[in-house]
Amino acid sequence: IRFDDDKTGLKLTLFQFVTCPFCCKVRAMLNYNGISYDVVEVNSITRDEIKWSKYKKVPILVAQGVGEEGYVQLNDSTVIMSVLESYLNDKTVSLQKLLTFYPTMDKEIKGRFRSKTVTETPNKNFLMFQDHLTDKRTPEERAEERRIRVWVDTVFVHLISPNVYRTMSESLDTFQWFSKAGDWETNFTGFQRNTIIYIGGFVMYFVGKKLKRKYNLQKDVRESLYEGGNAWVNFLKGRKFVGGDQPNLADLSMYGMLTAMEGTEAFRDLVDNTKLKPWYDRTKTMVEGHQGANRARDVTRK
Numbered sequence: 001i002r003f004d005d006d007k008t009g010l011k012l013t014l015f016q017f018v019t020c021p022f023c024c025k026v027r028a029m030l031n032y033n034g035i036s037y038d039v040v041e042v043n044s045i046t047r048d049e050i051k052w053s054k055y056k057k058v059p060i061l062v063a064q065g066v067g068e069e070g071y072v073q074l075n076d077s078t079v080i081m082s083v084l085e086s087y088l089n090d091k092t093v094s095l096q097k098l099l100t101f102y103p104t105m106d107k108e109i110k111g112r113f114r115s116k117t118v119t120e121t122p123n124k125n126f127l128m129f130q131d132h133l134t135d136k137r138t139p140e141e142r143a144e145e146r147r148i149r150v151w152v153d154t155v156f157v158h159l160i161s162p163n164v165y166r167t168m169s170e171s172l173d174t175f176q177w178f179s180k181a182g183d184w185e186t187n188f189t190g191f192q193r194n195t196i197i198y199i200g201g202f203v204m205y206f207v208g209k210k211l212k213r214k215y216n217l218q219k220d221v222r223e224s225l226y227e228g229g230n231a232w233v234n235f236l237k238g239r240k241f242v243g244g245d246q247p248n249l250a251d252l253s254m255y256g257m258l259t260a261m262e263g264t265e266a267f268r269d270l271v272d273n274t275k276l277k278p279w280y281d282r283t284k285t286m287v288e289g290h291q292g293a294n295r296a297r298d299v300t301r302k
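Sequential numbering of the sequence shown, starting at 1, is according to the UniProt record's numbering.
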């Protein structure tokens with residue numbers, strides 16, 4: 001994906017599942033800012049495309065031609081967005097240097113039968129600025145952006161699966177949408193495609209039920225989804241975007257999450273039963289029109 005006005009000098013490759021909500025967040029930011037990138041669609045069954053990486057989740061964003069090893073790997077959608085936003089807002093610090101400002105730590109989570117170790121980046125919602133700050137927002141505005149980004153990542157995202165896989169029929173329809181959006185007929189054999197659709201749809205129906213219980217959603221999970229949509233409208237406070245006249249990272253995160261379910265019955269119900277659609281359409285116009293691209297022009301680094 002190439003944008004003629006991109007002068008960042010970055011050579012980026014995004015490893016993704018096309019309908020993964022977290023991957024959609026990253027694409028929304030890259031497209032809005034007119035930053036060129038290549039896409040590698042990861043096979044959701046074999047994951048052969050990311051076997052080279054110790055980090056086994058998507059998205060993974062690789063910047064080539066930088067760093068001591070000739071590339072820099074960025075993991076976690078929120079970290080990726082924060083690093084890139086910091087890069088665009090402060091023209092004095094290199095990408096590899098910015099990444100050092102986001103240290104990771106391992107955390108043990110105890111389950112009912114066993115514990116697991118997860119890697120976290122505690123400050124991942126913060127932006128890093130040095131002496132050449134071009135972001136003119138107030139501390140309160142930046143704090144609001146961080147708070148709502150956390151809500152998108154920890155509250156709204158958990159409303160998606162229980163809704164798009166609400167019934168067996170919806171679950172299969174959702175996987176048919178994934179097939180269309182991801183061009184599975186091209187990327188997979190017919191056997192692989194049908195295996196993913198029917199086995200995946202069957203399994204995710206039960207996963208959706210499990211997540212419904214885990215996150216204590218309402219009996220009709222649509223009601224929880226509508227609550228999430230209404231909460232977002234309240235965050236807008238009558239503004240065009242949470243970011244004011246332009247989308248900020250909170251807007252792009254929420255928009256990206258929603259594009260992951262755009263072709264589903266759950267999405268249609270959401271826009272029909274809340275006042276979310278005007279904001280969604282405005283954001284879609286901004287992202288598809290690459291209206292933040294002026295920041296990707298003439299970016300130079302020391």
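Glycine included, every Cβ here is placed at the ideal spot set by N, Cα and C.
Distance between residue j and residue i (C-alpha atoms, nearest Å)
i	j	result
residue 274	residue 180	26 Å
residue 82	residue 127	6 Å
residue 304	residue 162	Residue 304 lies beyond the range of the chain shown here (1 to 302); nothing can be said about it.
residue 217	residue 268	19 Å
residue 221	residue 169	15 Å
residue 300	residue 92	Any reading at residue 300 needs caution, since the residue's pLDDT is 48, under 50, leaving its predicted position unreliable; the model's value is listed next. Looking at the two C-alpha atoms, the distance is approximately 8 Å.
residue 248	residue 283	10 Å
residue 108	residue 122	14 Å
residue 271	residue 69	46 Å
residue 237	residue 243	11 Å
residue 2	residue 291	15 Å
residue 288	residue 241	16 Å
residue 57	residue 137	33 Å
residue 85	residue 78	10 Å
residue 118	residue 53	16 Å
residue 302	residue 59	Note that residue 302 has pLDDT 42, beneath the 50 cutoff, so the model's placement of it is unreliable and no number is given.
residue 305	residue 144	A query on residue 305 cannot be resolved here, the shown segment of the chain reaching from 1 to 302 and no further.
residue 184	residue 37	21 Å
residue 286	residue 239	15 Å
residue 90	residue 246	18 Å
residue 190	residue 172	16 Å
residue 95	residue 20	25 Å
residue 214	residue 120	21 Å
residue 194	residue 264	19 Å
residue 7	residue 198	44 Å
residue 223	residue 250	23 Å
residue 46	residue 176	20 Å
residue 210	residue 110	18 Å
Supposed close pair residue i, residue j - CB separation, criterion 8 Å
i	j	result
residue 76	residue 124	6 Å
residue 155	residue 228	7 Å
residue 257	residue 164	Actually they do not touch by this definition, with Cβ atoms about 12 Å apart.
residue 252	residue 25	7 Å
residue 41	residue 187	6 Å
Beta carbon of residue i nearer than 9 Å to that of residue j
i	j	result
residue 80	residue 88	no
residue 5	residue 294	yes
residue 22	residue 44	no
residue 196	residue 266	no
residue 174	residue 254	no
residue 315	residue 135	Residue 315 cannot be examined here, being either before or after the span of the chain that is shown, 1 to 302.
Residue(s) in a DSSP beta bridge with residue i
i	result
residue 264	DSSP, once it has assigned bridges, lists no residue as partnering residue 264.
residue 124	According to DSSP, which records beta bridges pairwise, residue 124 is partnered with nothing at all.
residue 108	117
residue 63	12, 72
residue 241	244
residue 185	BP columns for residue 185 are empty, so no partner.
residue 41	16
Neighbour flag for residue i against chain B, beta carbons, 9 Å
i	result
residue 177	No chain B is part of this structure, which consists of one protein chain only.
Query - Contact between the stretch 28 to 38 and the stretch 99 to 109 (3+ Cβ pairs under 8 Å) - result: no
Query raised in the report: Are the stretch 55 to 64 and the stretch 8 to 16 touching, with three or more C-beta to C-beta distances below 8 Å?
Result: yes
Requested in this report: Evaluate the contact criterion for the stretch 202 to 220 versus the stretch 177 to 194: three or more CB pairs, one atom per stretch, below 8 Å.
Outcome: no
Requested in this report: Report yes or no: do three or more beta-carbon pairs, one from the stretch 137 to 154 and one from the stretch 226 to 242, lie closer than 8 Å?
Outcome: As far as the Cβ criterion goes, the stretch 137 to 154 touches the stretch 226 to 242, which means the pair count is three or higher.
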